[in-house]
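2 protein chains.
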Amino acid sequence: MTTADGHRAAGGVALNEASSDTKNAPAVTDGRRVKGERRRRALIEATVRVIARDGAAGVTHRTVAREAELPTTATTYYFSSIDALLTAALTQCMEEDSARVEALAAGPGDATGKRRALALLMAEILTSPGHLLAEFELYLLAARRPEQRAATRRWKEALAAFARELTDDPVRVKLFTRAYDGLLLQALLDDEPPTADEFEDLLRELLPDAEADADGKSPG
Amino acid sequence: MTTADGHRAAGGVALNEASSDTKNAPAVTDGRRVKGERRRRALIEATVRVIARDGAAGVTHRTVAREAELPTTATTYYFSSIDALLTAALTQCMEEDSARVEALAAGPGDATGKRRALALLMAEILTSPGHLLAEFELYLLAARRPEQRAATRRWKEALAAFARELTDDPVRVKLFTRAYDGLLLQALLDDEPPTADEFEDLLRELLPDAEADADGKSPG
DNA sequence: CAACTATCGGGACTATCGTTCCACTTTCTA
DNA sequence: TAGAAAGTGGAACGATAGTCCCGATAGTTG
Chain Y
1464 MTTADGHRAA GGVALNEASS DTKNAPAVTD GRRVKGERRR RALIEATVRV IARDGAAGVT
1524 HRTVAREAEL PTTATTYYFS SIDALLTAAL TQCMEEDSAR VEALAAGPGD ATGKRRALAL
1584 LMAEILTSPG HLLAEFELYL LAARRPEQRA ATRRWKEALA AFARELTDDP VRVKLFTRAY
1644 DGLLLQALLD DEPPTADEFE DLLRELLPDA EADADGKSPG
Chain S
1464 MTTADGHRAA GGVALNEASS DTKNAPAVTD GRRVKGERRR RALIEATVRV IARDGAAGVT
1524 HRTVAREAEL PTTATTYYFS SIDALLTAAL TQCMEEDSAR VEALAAGPGD ATGKRRALAL
1584 LMAEILTSPG HLLAEFELYL LAARRPEQRA ATRRWKEALA AFARELTDDP VRVKLFTRAY
1644 DGLLLQALLD DEPPTADEFE DLLRELLPDA EADADGKSPG
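Same order as they appear, the protein sequences are chains Y and S.
Each number in our numbering corresponds to the 1-based position in the first sequence with 1463 added.
Each number in our numbering corresponds to the 1-based position in the second sequence with 1463 added.
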């Protein structure tokens, strides 16, 4: 078996560096693979930056490699195609976003505090509109391929988990899960980005405090 | 330096909003221009179909021309660049969408009826997910260029006008305006599209019927 | 009719794309 | 230390992109 061919075929779909790596644990100690993994990660991050700057159409082997300050062939070595690169970038972004929202949901504070924390996060996200724009482009890419929806499903479930911290109403949870992305998308079209206070106002309407009349849910 | 808008006359921004096919435009009596205007329109529609099928990355002079069953040079003749073609497609889409929502807002029926009508429209839109996907891709394109936001501003104002038919609360209006697109975007990522009933549930939460509120703002 | 203008469309130029090849270096294993 | 495995990167191939050129055609005007 030729060396390059075999590795390339295996590396094309290797998107996992997570816990599913149990059977190949000793390979991680290989200095060559460690360095390779670092390059692979650098390419993914460079991809997101390229999309943020020039859009998904600007993603080519050459532009990504230049952004990562690597030779052109590095992209073809670590990713079997441009598509694999975009898929990896989407998975990475959804993972990061989900982790952030999950941390907020599981973190301390009552409903009001969590709402405030999310509003602050949204405002912070909008300080780099390019990155958000890149995520939306990758998002649309996933909408075309059902096999890529594992990443977006993960994100939706993270949103739902956050909403369930603030309400028991399933319709409210569904509404929040489906409306959240729209709030950020519309903000991208504003002439000036909304403030955290504005987001907090909207979130309060979306996920209001439990009413006094039909209470039954007390914190703690 | 795209000064070569060519001899494409002043048709660059001439966006006819007429829903019916009025061909007796006062400015254009020249038979050549009439035919040309028909081609130009065919190219825009072909562009949307190409994006719906292959994404924005699939839009080239050649693919659009083939989709419209016209020679390659037709695209370069009527649009100074690919960018101009995409801009025209975005403007056209936003115009159509705005007109539909405005018709609903200005139409007959009470709040409940209008909410139901919008839910039906949303469900109908999702029967051609490709077209919706195309609109979102164009939407993101506009997010990168402030000079193109006239089209999206028009759309946002149409949404706000609809919301104001159902509520006087400015926060509610803002929330609806910013959440609506998200509802459709998330629906694209579902394994099966939501029904009109589901949308109606969400819209009822988003824009509830006016109720006597203890907050001091009472209708009447 | 002819002159003129708008439209049409085949072809070609250059640039850049995705991808592959192959010689090379580094790292691990025995 | 030898040899295999993994990674590296310059060069180039064919395909296709955007765009321009320029003659041909059709409608308008006088």
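Yeah, the Cβ is synthetic: ideal placement off N, Cα and C, and Gly gets one too.
All of these numbers come straight from a predicted model, not from anything done at the bench.
Between T1554 of chain Y and L1595 of chain Y, the alpha-carbon positions lie close to 14 Å from each other. Within the same chain, T1510, V1513, I1514, I1545, L1548, L1549 come within 8 Å of V1522 of chain S by CB-CB distance, once the 5 residues on both sides are set aside.
Near chain Y, meaning a CB-to-CB distance below 9 Å, the residues of the region 1601-1615 of chain S are Y1602, L1603, L1604, A1605, A1606, R1607, P1609, R1612, T1615. If one requires a minimum length of 4 residues, the alpha helix (DSSP H) runs lying completely within the region 1536-1574 of chain Y are 1545-1569, in chain order.
In this structure E1532 of chain S is exposed. Its beta-carbon is surrounded by fewer than 16 other beta-carbon atoms within 10 angstroms.
Rounded to the nearest whole angstrom, the CA to CA distance from A1659 of chain Y to A1566 of chain Y is 19 Å. Of the candidates S:E1558, S:A1642, S:L1646, S:R1635, the residue whose Cα lies closest to the Cα of P1671 of chain S is S:R1635. Linking G1518 of chain S to C1556 of chain S through their CA atoms gives a straight-line distance of about 15 Å. The region 1641-1658 of chain S makes contact with the region 1641-1660 of chain Y: 3 or more CB pairs, one atom from each, lie closer than 8 Å.
By the C-beta density criterion, E1587 of chain S is exposed, having fewer than 16 other C-beta atoms within 10 angstroms. For the region 1627-1642 of chain S, the set of residues with a beta-carbon nearer than 9 Å to any beta-carbon of chain Y comprises D1632, V1634, R1635, K1637, L1638, T1640, R1641, A1642, in chain order. For chain Y, none of the residues of the region 1528-1551 of chain S brings a beta carbon within less than 9 Å of one of its beta carbons.
With its beta carbon less than 8 Å from one in chain Y, D1644 of chain S belongs to the interface. Chain S has a Cβ within less than 8 Å of the Cβ of L1648 of chain Y.
Legend: CB atoms of the region 1567-1596 of chain Y lying less than 7 Å from CB atoms of chain S belong to residues L1596. The three-state reading of DSSP puts L1603 of chain S in helix, counting H, G and I together. For V1634 of chain S, the enclosing alpha helix (DSSP H) begins and ends at 1633-1651. In chain order, V1513, D1517 place their CB closer than 8 Å to the CB of T1526 of chain Y, counting only its own chain and leaving out the 5 sequence neighbours on each side.
Taken in chain order, the members of the region 1508-1523 of chain Y whose beta-carbon sits within less than 8 Å of a beta-carbon on chain S are G1518, A1519, A1520. Taking C-beta separations shorter than 8 Å and ignoring five residues to either side along the sequence, the partners of R1612 of chain S in its chain run A1605, following chain order. Of all alpha-carbon atoms in S:A1569, S:L1638, S:R1667, S:E1663, the one lying nearest the alpha-carbon of F1662 of chain Y is that of S:L1638. It is roughly 27 Å from the alpha-carbon of L1506 of chain Y to the alpha-carbon of Y1602 of chain S. When C-alpha distances from A1580 of chain S are compared across S:E1610, S:E1598, S:L1629, S:A1551, the shortest belongs to S:L1629. Under the criterion of beta carbons closer than 8 Å, A1624 of chain Y and A1568 of chain Y qualify as touching, at roughly 5 Å. Looking at S:P1656, S:L1622, S:E1655, the one whose alpha-carbon comes closest to that of L1669 of chain S is S:L1622. Less than 8 Å divides the Cβ of R1578 of chain Y from the Cβ of R1667 of chain Y.
Taken atom to atom, the span from the alpha-carbon of P1656 of chain S to that of R1617 of chain Y is near 18 Å. If you ignore the 5 residues before and after L1589 of chain Y, its C-beta comes within less than 6 Å of the C-beta of A1650, P1656, all in its own chain and listed in chain order. Membership of E1668 of chain S in the alpha helix (DSSP H) is indicated by the continuous run 1659-1669. Rounded to whole angstroms, the separation of the alpha carbons of G1593 of chain S and A1562 of chain S is 20 Å.
By the criterion of a C-beta distance shorter than 6 Å, T1535 of chain S is surrounded in its chain by H1524, R1525, A1528, once the five residues flanking it on both sides are discounted. Contacts between F1625 of chain Y and chain S, judged by CB atoms closer than 8 Å, are missing: the closest CB pair is about 15 Å apart.
Interface with chain Y (8 Å Cβ-Cβ cutoff): E1668 of chain S is included. Annotated as distal: R1501 of chain S and A1537 of chain S, with beta-carbon spacing of 8 Å or more.
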